[in-house]
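Undergrad: Residue numbers (numbering that gives the first Met the number 0), protein chains in the order written: chain A, 0 to 380; chain B, 0 to 134.
Quick reminder that beta carbons are idealized off the backbone N, C-alpha and C, glycines included.
This structure is in structure tokens; I'll ask about it shortly.
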Amino acid sequence: MDEALLRALTPAVIGVLVRRGADFASAEDAVQDALVEAVRAWPDSPPHDPKGWLVTVAWRKFLDATRADASRRRREVRVESEPVPGPGETADDTLRLYFLCAHPSLTPASAVALTLRAVGGLTTRQIARAYLVPEATMAQRISRAKRTVSGVRFDRPGDVATVLRVLYLVFNEGYSGDVDLAGEAIRLTRQLAAGIDHEEVAGLLALMLLHHARRPARTGPDGRLVPLAEQDRGLWDTRMIAEGVAVLQAALARDRLGEFQAQAAIAALHADAPTAEETDWTQIVEWYDELVRLTHSPVARLNRAVAVGEADGPRAGLAALAELDPSLPRHTAAAAYLRERDGDLVTAARLYAEAARSAPSLSERDHLTRQAARLNARLRG
Amino acid sequence: MAKYLLLKHYRGAPKPVNDVPMDQWTPQEVEAHMKYMRDFAARLEASGEFVDGQALSPEGTFVRYDGEGRPPVTDGPFAETKDLIAGWMVIDVETHERALELAGELSAAPGAGGEPIHEWLEVRPFLSAPPTIAE
Numbered sequence: 000m001d002e003a004l005l006r007a008l009t010p011a012v013i014g015v016l017v018r019r020g021a022d023f024a025s026a027e028d029a030v031q032d033a034l035v036e037a038v039r040a041w042p043d044s045p046p047h048d049p050k051g052w053l054v055t056v057a058w059r060k061f062l063d064a065t066r067a068d069a070s071r072r073r074r075e076v077r078v079e080s081e082p083v084p085g086p087g088e089t090a091d092d093t094l095r096l097y098f099l100c101a102h103p104s105l106t107p108a109s110a111v112a113l114t115l116r117a118v119g120g121l122t123t124r125q126i127a128r129a130y131l132v133p134e135a136t137m138a139q140r141i142s143r144a145k146r147t148v149s150g151v152r153f154d155r156p157g158d159v160a161t162v163l164r165v166l167y168l169v170f171n172e173g174y175s176g177d178v179d180l181a182g183e184a185i186r187l188t189r190q191l192a193a194g195i196d197h198e199e200v201a202g203l204l205a206l207m208l209l210h211h212a213r214r215p216a217r218t219g220p221d222g223r224l225v226p227l228a229e230q231d232r233g234l235w236d237t238r239m240i241a242e243g244v245a246v247l248q249a250a251l252a253r254d255r256l257g258e259f260q261a262q263a264a265i266a267a268l269h270a271d272a273p274t275a276e277e278t279d280w281t282q283i284v285e286w287y288d289e290l291v292r293l294t295h296s297p298v299a300r301l302n303r304a305v306a307v308g309e310a311d312g313p314r315a316g317l318a319a320l321a322e323l324d325p326s327l328p329r330h331t332a333a334a335a336y337l338r339e340r341d342g343d344l345v346t347a348a349r350l351y352a353e354a355a356r357s358a359p360s361l362s363e364r365d366h367l368t369r370q371a372a373r374l375n376a377r378l379r380g
Numbered sequence: 000m001a002k003y004l005l006l007k008h009y010r011g012a013p014k015p016v017n018d019v020p021m022d023q024w025t026p027q028e029v030e031a032h033m034k035y036m037r038d039f040a041a042r043l044e045a046s047g048e049f050v051d052g053q054a055l056s057p058e059g060t061f062v063r064y065d066g067e068g069r070p071p072v073t074d075g076p077f078a079e080t081k082d083l084i085a086g087w088m089v090i091d092v093e094t095h096e097r098a099l100e101l102a103g104e105l106s107a108a109p110g111a112g113g114e115p116i117h118e119w120l121e122v123r124p125f126l127s128a129p130p131t132i133a134e
């Protein structure tokens with residue numbers, strides 16, 4: 000039984016049922032039933048056309064569930080078992096599903112869960128494990144999401160930006176247990192990019208590839224955080240970087256810049272440097288300027304200040320930082336880093352310890368505590 | 000088997016013996032402490048006694064319902080004097096003695112000078128449902 004194939008077919012089959020007028024929740028249930036039957040039947044008699052088979056069975060399950068009369072069911076089944084849907088239609092149906100799962104009426108958490116289930120074809124158990132919540136909790140979240148979109152009329156694609164936001168959230172959840180959410184987000188974004196011609200879809204795909212390529216170097220064997228400058232660049236996946244750069248270049252060539260393309264450009268400049276010292280910080284600052292212009296994001300401003308510190312020296316970085324709200328996440332950590340580079344070790348040590356106390360994750364807290372301990376040891380010795 | 004909650008206290012508990020802030024330790028001492036904590040959890044996983052554990056942020060706020068139509072009472076941003084929890088671990092062990100033994104071990108994690116930090120831990124048994132079959 001080819002699990003990857005089933006997962007890849009799931010969204011297209013749900014899409015066909017939705018297009019034929021099934022409401023989303025019933026379509027999803029019918030396809031789950033069809034998958035169970037596939038697991039049972041396929042090992043003995045593999046179908047010539049797996050998707051056609053699934054559509055047929057799922058549609059029959061749907062009709063059963065909605066208690067359609069027998070004659071109509073026979074007619075529908077006969078109609079469906081004959082023509083094989085073309086590839087263009089497949090892409091459309093899957094796209095429809097992306098937009099439905101990322102519908103603005105859903106909370107981000109629900110949209111993510113629904114996308115992983117309906118478009119990604121993951122089981123509720125897998126999604127629950129990836130998010131470290133009980134399976135029953137995740138099942139509730141998904142069925143609530145299904146109810147929310149069940150009344151949504153769906154005849155044209157919605158907002159691409161919302162879909163991209165959802166995929167970005169999935170990517171940032173990273174890794175846990177048997178599902179690699181970052182890898183899953185890349186797979187789904189590739190699928191989206193194949194079905195829709197949009198420069199920011201390409202921008203997001205490039206961004207994910209460029210970050211993912213560096214993942215093996217980002218944590219040490221004991222789970223500790225390894226900062227970019229100290230990473231073993233030999234561990235970076237150069238093929239994935241090359242692909243990310245190519246995707247980004249094609250997107251940039253269309254001259255319609257968006258925030259994901261700008262972020263990917265920054266990631267590409269980091270990936271491009273053979274050593275940390277050879278990083279083109281001047282260009283990175285320019286891209287941060289673009290990013291700030293596009294998003295007005297305080298996080299982008301903070302990162303820009305750090306980049307300014309690398310390009311024009313720590314004093315310039317501290318000046319840029321002074322213009323920002325000190326309560327921003329990681330503001331203290333950035334200040335500590337720039338102070339150290341400026342030679343003010345006493346202040347840097349104090350700021351590192353302070354940043355450690357408000358760190359958002361355990362690995363960051365440990366990292367900042369190590370920095371404080373390192374400086375304090377130097378000051379004593 | 001019975002479950003116990005081990006609570007590490009930031010404040011409120013009596014002062015531990017080896018009370019030096021972590022950023023004043025040497026990098027080697029920090030390393031040794033983190034390794035001890037990791038190894039401890041790994042060993043309990045191997046023995047089947049580990050259930051779950053998380054570190055917590057030092058910020059905490061006490062909140063209380065303050066009556067119909069009124070916002071909940073919080074204790075404000077001044078949290079210095081309260082007892083706050085640094086992190087917790089749930090273990091599933093044969094006996095109460097074993098729970099105390101493990102808590103003692105966790106409290107002996109090395110700190111400044113490589114000496115045990117003698118950190119205070121609170122051990123709380125879980126209340127569970129009564130057995131379906133009583134002898």
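Between residue 86 of chain A and chain B, is there a C-beta pair that is closer than 8 Å?
TA: Here residue 86 of chain A refers to the residue found at position 87 when the first sequence is read from its first residue. Because residue 86 of chain A carries a pLDDT of 44, less than 50, the predicted location of this residue cannot be relied on, and the following value inherits that uncertainty. So, not an interface residue.
Undergrad: What span of residues does the beta strand (DSSP E) with residue 53 of chain B cover, start to end?
TA: Counting from one through the second sequence, the residue named residue 53 of chain B turns up at place 54. First-last of the beta strand (DSSP E) with residue 53 of chain B: 49-54.
Undergrad: Please look up how many angstroms separate the CB atoms of residue 199 of chain A and residue 163 of chain A, rounded, as I've assumed it's under 8 Å.
TA: Working through the first sequence from its first residue, we reach residue 199 of chain A at position 200. Working through the first sequence from its first residue, we reach residue 163 of chain A at position 164. 6 Å between Cβ atoms; contact.
Undergrad: Using CA atoms only, rank isn't needed, just tell me which of B:108, B:104 and B:92 is closest to residue 125 of chain B.
TA: Looking up residue 125 of chain B in the second sequence gives position 126. Residue 125 of chain B has its Cα closest to that of B:92, out of B:108, B:104 and B:92.
Undergrad: Where residue 83 of chain A and residue 45 of chain A are concerned, what is the direct C-alpha to C-alpha distance, given to the nearest angstrom?
TA: For the purposes of this step, residue 83 of chain A is identified with residue 84 of the first sequence, where counting begins at 1. For the purposes of this step, residue 45 of chain A is identified with residue 46 of the first sequence, where counting begins at 1. With a pLDDT of 48 at residue 83 of chain A, under the threshold of 50, the modelled position of that residue is not reliable, and no figure is offered here.
Undergrad: Measure the beta-carbon distance from residue 25 of chain B to residue 372 of chain A and round it to whole angstroms, keeping in mind my assumption that it falls under 8 Å.
TA: Against the second sequence, residue 25 of chain B aligns to sequence position 26. Against the first sequence, residue 372 of chain A aligns to sequence position 373. Sure, about 6 Å apart at Cβ, within 8 Å.
Undergrad: Under 8 Å Cβ-Cβ, which residues of chain B neighbour residue 361 of chain A?
TA: Numbered from 1 along the first sequence, position 362 holds the residue referred to as residue 361 of chain A. Chain B residues near residue 361 of chain A: 54.
Undergrad: Report back the beta-carbon spacing between residue 291 of chain A and residue 299 of chain A to the nearest angstrom; my notes put them in contact at under 8 Å.
TA: Locating residue 291 of chain A in the first sequence gives position 292, counting from the first residue. Locating residue 299 of chain A in the first sequence gives position 300, counting from the first residue. Residue 291 of chain A to residue 299 of chain A, Cβ: 5 Å. Contact.
Undergrad: From the DSSP secondary-structure annotation, give me the bridge partner or partners of residue 124 of chain B.
TA: Here residue 124 of chain B refers to the residue found at position 125 when the second sequence is read from its first residue. In DSSP, residue 124 of chain B forms a bridge with B:3.
Undergrad: Tell me, please, which residues DSSP counts as bridged to residue 88 of chain B.
TA: Here residue 88 of chain B refers to the residue found at position 89 of the second sequence. Residue 88 of chain B is bridged to B:5 and B:52.
Undergrad: Can you tell which of B:3, B:129, B:41 and B:8 has its C-alpha closest to the C-alpha of residue 221 of chain A?
TA: Along the first sequence, one-based indexing puts residue 221 of chain A at 222. Answer by Cα proximity: B:41.
Undergrad: Could you tell me the distance, in whole angstroms, from the CA atom of residue 109 of chain A to the CA atom of residue 10 of chain A?
TA: Here the question's residue 109 of chain A lines up with position 110 in the first sequence. Here the question's residue 10 of chain A lines up with position 11 in the first sequence. Taking the CA atoms as reference points, residue 109 of chain A sits about 17 Å from residue 10 of chain A.
Undergrad: Hey, would you say residue 29 of chain A sits closer than 8 Å to residue 57 of chain A, going by beta carbons?
TA: Counting from 1 along the first sequence, the entry for residue 29 of chain A is found at position 30. Counting from 1 along the first sequence, the entry for residue 57 of chain A is found at position 58. Yes, the Cβ-Cβ distance between residue 29 of chain A and residue 57 of chain A is below 8 Å.
Undergrad: Would residue 356 of chain A count as contacting chain B if we go by Cβ distances under 8 Å?
TA: Residue numbering aside, residue 356 of chain A sits at position 357 when the first sequence is read from its first letter. It does; some Cβ of chain B falls within 8 Å.
Undergrad: Would the beta-carbon of residue 99 of chain A fall within 8 Å of that of residue 148 of chain A?
TA: One-based indexing of the first sequence puts residue 99 of chain A at position 100. One-based indexing of the first sequence puts residue 148 of chain A at position 149. Taking 8 Å as the Cβ cut-off, residue 99 of chain A and residue 148 of chain A qualify as a contacting pair.
Undergrad: I need the DSSP call for residue 278 of chain A, collapsed to helix, strand or coil.
TA: For the purposes of this step, residue 278 of chain A is taken as residue 279 along the first sequence, with counting starting at 1. Three-state result, residue 278 of chain A: coil.
Undergrad: Are three or more beta carbon pairs between the region 107-116 of chain B and the region 27-43 of chain B nearer than 8 Å?
TA: yes
Undergrad: Taking the CB atoms as reference points, tell me whether residue 13 of chain A and residue 94 of chain A lie closer together than 8 Å.
TA: In the first sequence, residue 13 of chain A corresponds to position 14, counting from 1. In the first sequence, residue 94 of chain A corresponds to position 95, counting from 1. No, they are not a contact pair.
Undergrad: Starting from residue 41 of chain A and walking both ways along the alpha helix (DSSP H), at which residues does that stretch end?
TA: Within the first sequence, the letter at position 42 stands for residue 41 of chain A. Segment: none, residue 41 of chain A is in no alpha helix (DSSP H) and carries neither H nor E.
Undergrad: Is the Cβ of residue 167 of chain A closer than 8 Å to any Cβ of chain E?
TA: You won't find chain E in this structure, because its protein chains are A and B.
Undergrad: Once the 5 residues before and after residue 18 of chain A are set aside, which same chain residues still bring their CB inside 7 Å of it?
TA: For the purposes of this step, residue 18 of chain A is taken as residue 19 along the first sequence, with counting starting at 1. Same-chain partners within the cutoff: 92 and 95.
Undergrad: Taking the C-alpha atoms as reference points, what is the distance between residue 85 of chain A and residue 53 of chain A?
TA: On the first sequence, position 86 is the one that residue 85 of chain A refers to. On the first sequence, position 54 is the one that residue 53 of chain A refers to. Note on residue 85 of chain A: pLDDT 46, under 50, position unreliable in the model; the coordinate value appears next. About 15 Å.
Undergrad: Check each candidate in A:217, A:160, A:240 and A:237 and name the one with the smallest Cα separation from residue 230 of chain A.
TA: Start at 1 with the first residue of the first sequence, and residue 230 of chain A comes out as number 231. Ranking the options by Cα distance to residue 230 of chain A, first place goes to A:217.
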